[in-house]
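Numbering-wise (my numbering), the sequence shown opens with residue 20 and increments by one.
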Amino acid sequence: MKQVVSILNSVKNDGRNVLLENEVYSIFDSIGIKTPNHQFVPFDKKYDPKIKISTEEVVVKVVSSEILHKTELGGVVFCKNTDSEIEKAIQDIRKRTSNYNVAGFLVLEKVSYKNTFGNEVIASVRNSRDFGTIIGFGIGGIDTEFFGKSMNNSFSVISGELNKIDIDLIKGNSAYYKLAGLDRVGKRLLSDQVILETLNRLNELGKYFSYENKETDFVISECEINPIVVSNGNFIAIDGLMKIEKKLKFLANRPVEKLESLFHPRSIAVIGVSEKAMNMGRIILNNVINRDFPKDKMFVIKSDVKEIDGVRCFPSMKDLPYKVDLLVLAVSANVSGEVIKESISSNKIESIIIIPGGFAEKEGGEKLEHNIVDLIQESRKTKDKGPILVGGNCLGIVSNPGRYDTFFIPSKKMPYSEPKPYAFISQSGAFIISKISKTGLTPQYAVSIGNQMDLTFSDYLTFFMDKPEIKVIALYVEGFKELDGIRTASHIKELRKKGKEIIIYKGGRSSAGKSAASGHTASIAGEYPVYKALMQQAGALVVENFMEFEDMLKIMIGFVDHKIEGSDLAIISNAGFETVGMADNLGSAGLAKISPETIKEITSVLAKSNIDNLVTAGNPLDITPVANDNIYIDCLKALLKDKSVSAGLVSCIPMTPALKSIKEELGDQSMFNMIEVLSHNVEKPFVVVVDSGELYDPACRVVKSVPIFRESDRAIKALSKYLEYKNKKLSL
């Protein structure tokens, strides 16, 4: 990399962050990526005819850090390989680009290749603030952006965290499909070895000039070859773009061993409690009291008051009787810095939750946040490493195992149910309480992380890594701190290895490509596509909207103790439109081919009620509106016993008189009570659909152990996506 370092140092010393194309060619040549034979002609020099280029035709290109799209400006000319034609081409380009700062011109051989689909590829590497080194690969040429927006699988994103890129990571890519000869023509254009050598060389380049390599003080923020073409069984880089930038200053590593004190505190202090009004601090104090946290291990930081609600008060942190595991800070943003300063200087606090907003999320609050961040960073240099910090601008934490709740929501407005085996980590506290309320699924731990002044997503995942009681982790992400995206992805891989499931929704999907030049990597693989690809590669289930988040969370929790093999479904309904509609929305799932024995058993069930002449046993099974509660349950039992069935879906239109479905009918013989009993006695999971209005809400509430949906197509789509997720082979 010595030659590359020398070139990039020269660029940096020149005050530039964009390389000239001749410099990019030199870097490609030095790392083993072939470029055309070429000559660089500085702006104030003339073409040197002594430097021979052997092809009959040559290409003359303008070289300027200000011009990304040379062709559109007439900055690329094909001409005969004669001195006069080359000089004429240079003069013509001079005139067309006179409004730009031009460094010179490239005269290069015209590379022989077929200008047809699949022979032009884009390959890139860049260093993301969130995700570190990222490799891109896909369909190249002038229509790159068009294919990126209109064709699935035209561009692949690969994490540079891998030591070596494997061919499996690009096998689904449309460009690879053509290169490998997997189309109808069946002619391989390039070997896998050549493709992988190119991508791995780019990866090595990106990782060397990355945020994590301490030997360099700048990073390659973008390096792109578009196109790199297939010529005589090799790749040749025709067009190159490269940008560098100075490294950002990253936060010091957090002392994550203190997370135990945060989630399972032995003592809690609250500052910002009013003795006269039920303010935010008072609500938090009462929420903690109501969780049966020992009052003798609780403290209020307040002068001139002996106690509030039976909790002792102390005038300052230095007056606390011993070091407290958790401080909940509920004072205004403009005095939070002084409280943090005192927490550090007194050495009486292990962890802090900053509740108030008014920091970097608010105009003018950046200075307040930077002040706190600087205080925490300075404390990291001490032997104790200072307190860890949640927030600010957050609801804080609900820790059921830790017996406390800092969400300043009155309990009558936020009733919780029996906690389920999952953790909920969200940048938005409102997102947490909304989804808990709508799904009825209370987590063991709920973490509203706010601005991430200190602790980040990956830090929290570290804590849940070895918690066997946590089987599902739900994430709502708006943005990652420096390199925390790739750390989060790495932690997700480890969590999946341990059998845990992860669901993620990404908010704030503004593309990095909106302001980028069209046709380049940033416009076809902006922030969200990169995020989605890398999280999916890590093993997370990425959802696209709030409704899907709720649906997948319900299924993940409902199926958490079930072993699932395959993706073949059994479907029952009493409405023809539902069986047809569900079959139409199967997605990647399939309908199980049930055995003759199961057909015989279902037929026998139908015959007992004399409806075997109306209903044909099969899958999907339409048992018609005349089927009663017992028929439903007996048919469901038969289907779930069948070896070909992976999971089931039982749906009903409950208005039929044959079903006990309204409040006064709900008893032991109601289908809904029998479903609840059955759910505890079958190995295979299933979901229930009650396609009806609020009159049938009581029936839905009877079924507590099975995911309930109110539309059959929504249920089948969610179930299909979950089964695809469960059956996907992970490259862990």
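A virtual CB, placed ideally from N, CA and C, is assigned to each residue, including glycine.
Own chain residues within Cβ distance below 8 Å of LYS360, not counting five before or after: Cβ neighbours of LYS360 beyond the five flanking positions: LEU394.
Any C-beta of chain C under 8 Å from that of SER509: The structure shown contains no chain C; it holds only a single protein chain.
Pick from GLY686, GLU76, ASN41 and GLN446 that is closest to PRO61, judged by C-alpha positions: Check the Cα spacing between PRO61 and each of GLY686, GLU76, ASN41 and GLN446: the tightest is with ASN41.
Cβ-Cβ separation, ILE368 to LEU387 (assumed contact under 8 Å), whole Å: Cβ atoms of LEU387 and ILE368 stay farther apart than 8 Å, at about 19 Å.
Residues bridged to LYS439 [DSSP beta-bridge criterion]: Paired residue(s): PRO462.
Integer-rounded CB distance, given that MET299 should sit under 8 Å from GLY291: Contact flag correct, Cβ pair sits at about 7 Å.
First through last residue of the alpha helix (DSSP H) which encompasses ARG310: In the DSSP annotation of this structure, ARG310 is not part of any alpha helix (DSSP H), being labelled neither H nor E.
Local conformation of ALA536 per DSSP, three classes: In this prediction, ALA536 has a pLDDT of 32, which is less than 50 and means its spatial position is unreliable; nothing more can be read from the coordinates.
The region 572-581 touching the region 648-662, judged by at least three CB pairs closer than 8 Å: No: the two stretches stay apart, fewer than three of their Cβ pairs being nearer than 8 Å.
Contact under 8 Å by Cβ, PHE426 with LEU408: When the beta-carbon positions are compared, PHE426 and LEU408 stay at least 8 Å from each other.
Assigned secondary structure, ILE158 (DSSP; H/G/I helix, E/B strand, else coil): In the structure shown, ILE158 sits in a strand (DSSP, three-state: E or B).
Inter-stretch contact at 8 Å, needing at least 3 Cβ pairs: the region 369-378 / the region 325-338: Fewer than three Cβ pairs drawn from the region 369-378 and the region 325-338 lie within less than 8 Å of each other, which leaves the two stretches out of contact.
Cβ-Cβ distance between LEU514 and LEU480 below 8 Å: In this structure, LEU480 lies closer than 8 Å to LEU514 by Cβ.
Of the listed residues VAL79, LEU87, ILE247 and LEU38, nearest to ALA142 (C-alpha basis): When each option's Cα is compared against that of ALA142, the closest is ILE247.
PHE312: CB within 7 Å of a non-hydrogen atom of the ligand MG: Among the components modelled here there is no ligand, and therefore nothing to report on the ligand MG.
Cβ neighbour criterion (16 or more within 10 Å) applied to TYR524: Taking every protein chain shown into account, the CB of TYR524 has 16 or more other CB atoms within 10 angstroms, so this residue is buried.
Identity of the residues DSSP links to ARG145 by a beta bridge: Per DSSP, ILE153.
C-beta contact flag for THR116 and LYS226 at 8 Å: No.
ILE177 to GLU231 span [Cα, whole Å]: One Cα belongs to ILE177, the other to GLU231, and the distance between them is close to 17 Å.
Short Cβ contact (8 Å threshold) for LEU678 with ASP648: Taking 8 Å as the Cβ cut-off, LEU678 and ASP648 qualify as a contacting pair.
Pair within 8 Å by beta-carbon distance, VAL706 and VAL725: The answer is yes: Cβ separation under 8 Å.
Distance CB(MET690)-CB(ILE652) smaller than 8 Å: When the beta-carbon positions are compared, MET690 and ILE652 come within less than 8 Å of each other.
CA nearest to the CA of LYS53, picked from GLY179, SER173 and ASN251: Minimum Cα-Cα distance from LYS53 among the listed residues GLY179, SER173 and ASN251 corresponds to ASN251.
Coil, strand or helix - GLU243 by DSSP: Assigned with DSSP and collapsed to three states, GLU243 falls in strand.
DSSP-derived helix/strand/coil call for PHE691: It is helical.
Residues that DSSP places opposite SER592 in a beta bridge: When beta bridges are read from the DSSP output, SER592 appears opposite ASP641.
Backbone secondary structure at ALA256 - three-state DSSP: Of the three classes helix, strand and coil, the one that applies to ALA256 here is strand, per DSSP.
Closest Cα partner of ALA465 within the set TYR341, VAL238, THR643 and ILE444: It is ILE444 whose Cα lies nearest to the Cα of ALA465.
Counterpart residues of VAL60 in DSSP-defined beta bridges: Paired residue(s): PHE124.
contact_flag[the region 496-512, the region 588-605] where n(CB pairs < 8 Å) is 3 or more: No: fewer than three Cβ pairs fall under 8 Å.
Bridge partner(s) assigned by DSSP for GLU476: It should be noted that the sequence gives Phe, not Glu, for residue 476. Beta bridge pairing from DSSP links PHE476 with no other residue.
Within the region 29-99, ranges of the beta strand (DSSP E) (whole runs, at least 3 residues): List check, beta strand (DSSP E) in window: 57-61, 76-82 and 95-99.
Residue closest to GLY376, alpha-carbon to alpha-carbon, out of GLN688, ASN412, LYS206 and THR617: Closest by alpha carbon: ASN412.
Beta-carbon spacing of PRO429, ILE302 below 8 Å: A contact, by the Cβ cut-off of 8 Å.
Per DSSP, cross-strand counterpart(s) of GLU326: Residue pairing by DSSP places GLU326 opposite ARG331 in a beta bridge.
Through-space distance from ASP315 to ARG422, alpha-carbon basis: Taking the straight line joining both Cα atoms gives about 14 Å.
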